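Peer 1: Counting the sequence shown from 1 gives a position; our numbering is that position plus 6.
All C-beta atoms in this analysis are idealised placements derived from N, C-alpha and C, irrespective of residue type, glycine included.
The structure presented is a predicted model; accordingly, all values stated were derived computationally and were not measured.
Let me begin by handing over the structure; questions about it come next.
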Amino acid sequence: PSVLASSPIVGTMGQVIYGSQNFSPRELLGVSADYVTVRNWAVTRGEFFTERDIHGANKVCVVGTSIVTALFQTTNPVGEQIRIKNIPFRIVGILERKGANMVGQDQDNVVLIRAQSKGKFLTSALSRSVRNSFRFNRHIAKRQRGEAVLAVEQIVRAPIGAIQISDGLGRCRPFQLQR
């Protein structure tokens, strides 16, 4: 097939709390287990959540290095529990450092949670707790090496609306689906 991996991305806003520390990440995203494959993003400590976590409705997350610095300083956060909108999540992994993107935004200022469990979006529950905090809903895909982007666009068509295609180097280009 032309698509190597794909992931929904459901974004919301919220504070992350650990003990008496709190921090507002730039991105709080619900994603699938394939997100790190699509974005070419390794986990340096712990692991990324699995399909088992998603189907088991486990409240787990993976955080970027900026979250670690802001909330944990020298403590290893893997296995620790944080709260997002008063919902507890266990940190299962730390993403490798990416630094700033092309427009200077800190890519490591991110918390990733599982997007879906048995057809329900976990981030929807988070969004309901703060009125109008739901930000966006999109899908990204990574194509097989050498496959045409057009083939990927035709296969990935989803009701979500906006698609991003990864170039295989961790960069994504957005486009609107033509229906």
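Would I88 and V117 be called neighbours here (beta carbons separated by less than 9 Å)?
Peer 2: yes
Peer 1: Smallest Cα separation from I119: which of V22, A11, V9?
Peer 2: V22
Peer 1: Please return the same chain residues whose Cβ sits closer than 6 Å to the Cβ of G25, not counting the five positions on each side in sequence.
Peer 2: none
Peer 1: Over what stretch of residues does the alpha helix (DSSP H) that includes V74 continue unbroken?
Peer 2: 71-78
Peer 1: Assuming the contact rule is C-beta atoms closer than 8 Å, S13 and V37 should be a hit. Round their C-beta distance to whole Å, please.
Peer 2: 5 Å
Peer 1: Provide the residue span of the beta strand (DSSP E) that contains E33, from first to last.
Peer 2: Unbroken beta strand (DSSP E) run through E33: 33-37.
Peer 1: What residue range is occupied by the uninterrupted beta strand (DSSP E) comprising T56?
Peer 2: It is not in any beta strand (DSSP E) - T56 carries neither H nor E in the DSSP assignment.
Peer 1: Under a Cβ-count criterion, where at least 16 other Cβ atoms within 10 Å of its own Cβ denotes burial, should Q160 be classed as buried or exposed?
Peer 2: The predicted position of Q160 is uncertain, since its pLDDT is 44 and thus under 50; a value taken from the coordinates is nonetheless stated next. Exposed, since its Cβ has fewer than 16 Cβ neighbours within 10 Å.
Peer 1: Taking only the alpha-carbon atoms, compute the straight-line gap between Q111 and P31 and give it to the nearest angstrom.
Peer 2: Our two residues, Q111 and P31, have alpha carbons roughly 12 Å apart in a direct line.
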